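Read the structure below first, then the notes.
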Amino acid sequence: MRRPEARRSETGRAPRRVARLGCALALWLLAPACSEAERRAADAGPDADVAADAEADADTPALAFPAAFRLGAATSAHQIEGGQTNTWTSWETLPQFAEHVVEPSGLATDHYHRFEADFDLARDMGLDTLRLSVEWSRVEPVRGQYDAAELAHYGAVVDALAARDLRPSLTLHHFTEPQWFDDLAGLTAPFDEHFCADGPSEGDFCAWANPDAPAVFGLWCGRVAAALGDRVDEWWTINELPGVWLGGYVAGDFPPGLTAPDLASVDTRALPVLRNLLAAHVACYDAIHANDTVDADGDGEPARVGLTVGVGAVRPARPGDPDDQAAADQLFWAAGPLVVEAVTRGRLDADFDTDPEEEHPEWAGHLDILGVQYYASTVVLAFPIHPLLMGAPCVDPGDPALTSLLLEAGCPPAPTPDFPFDDAGALYGKQHDPDGLVEVLEAFHAGWPELPLVVTEQGYANDDVRRAGSIVRHLEACHRALARGIPLLGYYHWSLLDNFEWGRGYAVRFGLYAVDFAGDLARTPTLAADVYAEIAHARGISQPLLDAYAAPGPLRTEPPP
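Residue numbering for the sequence shown follows the working numbering, beginning at 1 and increasing consecutively.
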């Protein structure tokens, strides 16, 4: 199938409008006939009797999780540590990028100095796993020069987790890079024209556009695995790899702010970066397995290495419309399966037509585990917003004219009860669709039946009562997935703490623990923390919690009586 041509609207879409829609798509990537109660009953199988008994015994979980199922929380270094000097601090503070951010990360939550107390919070909740990242810019501030003190710091972090019976789950690239890897200070508008204009140098490696980037990233991964591998068995190479590519090199919403609005720029600039990112994952995978040979948790495997993808369920805006269905299928494919196919079977779909045409046998067999980061589902209209894509997701692009255009073209005004189309920014962390999580997990399981899955992020922002309900319902969805035979290993809630949310700063709060950013950074447990702790300690969801938070209908807005 040839690449879809972009359709011009009556108003003639300017490049900036394409970019705005591209940013909406980047944020989404970076995100029924019967009631939930009826589905629980249908899927309960051998747990049905347990559920019935639980009505009489509130201490017995109605939905019990297997002993090996991990209940954890997720964080990332840049968002909580504070005191960073990396590409994102450049992005946050340099005037040429001012339109992309609302405030700098600064001290964040000062987790770098308070990690032990924060780990106490996770332990006291009854969690067994904490996903965190090792900040590349701290450990390798100058190319090829590793800071022994910073490596020792992360060794102390891992030891502090072990002392609290918390299992470390380490990410080696969570959206940030050292400043030598990408010198944003020297980048001026127009970014597409000036990026790496003089080629790689000692102070500017030209980021993922440099053909040597995979090898350099592999060296970084190997150094960390050699230092920490005796205590770590679960590794994530690149967080939301498709989002890194799309946000930074197609939509221009992440560093280094490059765009690819036409097929020529896709071919010459964006696709080489995607290939380098995939090759970087492969190099990192090999380096970790070469350097981590100690089975730290006694499960028989010294290391499991994966990557994460930000995906949601994608459905046609007009059910039954074949063009909308094709556009929905393609968008879901591009958000995650395209990458998984590349690093499992060595086949890359470079024209995004869902039929891989490039053979890369050197990439095959390089995925032990897949992280699914689920925030939102979407519906898609067959209305191309980019030459590579057949359709547009029905999300608010932040432009009233485009919103009106999409609604007139066929986008529904309310894709889900908890996501009004006309509420600017509502998609990010404010949507509730646990059925969509099951759809996503089933889709990956159908395509790669032997591949273990982990929900590495899922959360709800700025509403503690809804967040509590979202946890219950998404964990109920995880239980459903397990009952259907999906090899789901765990659920890590985003996030342990309120934190810096990239281009949105501190206004978006996902934390199980609220952080007093206006004062002394004190941590305060939320209702959601209490609910999640009850589930974690019981290793399952009680009937009272199901009754309080998982009754059919929208999420409750007031605490249960």
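Note that CB positions come from ideal geometry on N, CA and C, so glycine has one too.
For clarity, every value in this text was computed on a predicted model and none was experimentally measured.
Straight-line Cα distance separating residue j from residue i
{"i": "I541", "j": "L172", "result": "32 Å"}
{"i": "P337", "j": "I486", "result": "16 Å"}
{"i": "A536", "j": "G248", "result": "37 Å"}
{"i": "L277", "j": "A551", "result": "43 Å"}
{"i": "Q431", "j": "A148", "result": "43 Å"}
{"i": "D262", "j": "H386", "result": "7 Å"}
{"i": "I369", "j": "G243", "result": "18 Å"}
{"i": "E135", "j": "P255", "result": "16 Å"}
{"i": "A215", "j": "T237", "result": "13 Å"}
{"i": "D295", "j": "A303", "result": "7 Å"}
{"i": "G298", "j": "P413", "result": "51 Å"}
{"i": "Y549", "j": "V472", "result": "7 Å"}
{"i": "F191", "j": "L258", "result": "6 Å"}
{"i": "A64", "j": "R480", "result": "11 Å"}
{"i": "E234", "j": "E408", "result": "47 Å"}
{"i": "Y532", "j": "R275", "result": "39 Å"}
{"i": "F97", "j": "W91", "result": "6 Å"}
{"i": "A270", "j": "D212", "result": "16 Å"}
{"i": "V454", "j": "H194", "result": "40 Å"}
{"i": "Y285", "j": "S137", "result": "20 Å"}
{"i": "A529", "j": "W363", "result": "40 Å"}
{"i": "G155", "j": "C221", "result": "15 Å"}
{"i": "P141", "j": "T93", "result": "19 Å"}
{"i": "H174", "j": "N86", "result": "12 Å"}
{"i": "L527", "j": "L497", "result": "13 Å"}
{"i": "A458", "j": "V311", "result": "Contrary to the premise, residue 458 reads as Gln rather than Ala in this sequence. Going from the Cα of Q458 to the Cα of V311 covers about 11 Å."}
{"i": "G469", "j": "V266", "result": "41 Å"}
{"i": "T268", "j": "P525", "result": "49 Å"}
{"i": "P560", "j": "E177", "result": "44 Å"}
{"i": "D321", "j": "A209", "result": "39 Å"}
{"i": "V395", "j": "T378", "result": "7 Å"}
{"i": "L130", "j": "D120", "result": "11 Å"}
For residue i, the three-state DSSP class (helix, strand or coil)
{"i": "E140", "result": "coil"}
{"i": "Y112", "result": "helix"}
{"i": "W88", "result": "helix"}
{"i": "I535", "result": "helix"}
{"i": "G503", "result": "helix"}
{"i": "G540", "result": "strand"}
{"i": "P397", "result": "coil"}
{"i": "L370", "result": "strand"}
{"i": "V102", "result": "coil"}
{"i": "L402", "result": "helix"}
{"i": "L310", "result": "The amino acid at residue 310 is misidentified as Leu; the sequence shows Gly. Here G310 sits in strand by DSSP."}
{"i": "V380", "result": "strand"}
{"i": "A392", "result": "strand"}
{"i": "V508", "result": "coil"}
{"i": "T107", "result": "Here residue 107 turns out to be Leu, not Thr, going by the sequence shown. Reduced to three states, the DSSP call for L107 is coil."}
{"i": "P214", "result": "helix"}
{"i": "P562", "result": "Outside the displayed span of the chain (1 to 561) sits residue 562, for which this structure offers no information."}
{"i": "E450", "result": "coil"}
{"i": "Y460", "result": "coil"}
{"i": "Y549", "result": "helix"}
{"i": "V340", "result": "helix"}
{"i": "W180", "result": "coil"}
{"i": "S35", "result": "The pLDDT assigned to S35 is 34, lower than 50, so where the model puts this residue is not dependable; a value taken from the coordinates is nonetheless given after this. Residue state, collapsed to three classes: coil."}
Residue i - containing beta strand (DSSP E), residue span
{"i": "P525", "result": "R523 to P525"}
{"i": "W573", "result": "Since the first residue of the chain shown is 1 and the last is 561, residue 573 is not available in this structure."}
{"i": "L170", "result": "R167 to T171"}
{"i": "A514", "result": "Y513 to V515"}
{"i": "S133", "result": "T129 to S133"}
Span of the alpha helix (DSSP H) around residue i
{"i": "I471", "result": "D464 to A483"}
{"i": "P434", "result": "P434 to G447"}
{"i": "A148", "result": "A148 to A163"}
{"i": "I80", "result": "A77 to I80"}
{"i": "D192", "result": "F191 to H194"}
Counterpart residues of residue i in DSSP-defined beta bridges
{"i": "Y491", "result": "L71 and V455"}
{"i": "D358", "result": "It is Glu, not Asp, that sits at residue 358 in the sequence shown. Bridge partners of E358: L348."}
{"i": "Q145", "result": "V142"}
{"i": "P561", "result": "Paired residues: none, contrary to the question."}
{"i": "L497", "result": "Y513"}
{"i": "V305", "result": "W235"}
{"i": "P316", "result": "V380"}
{"i": "A64", "result": "G540"}
Beta carbon proximity, residue i to chain B, threshold 7 Å
{"i": "H174", "result": "Among the chains of the structure shown, chain B does not appear; only one protein chain is present."}
Review point. Which runs of the alpha helix (DSSP H) spanning at least 4 residues fall entirely within the region 218 to 287, listed in chain order?
Key: 241 to 249
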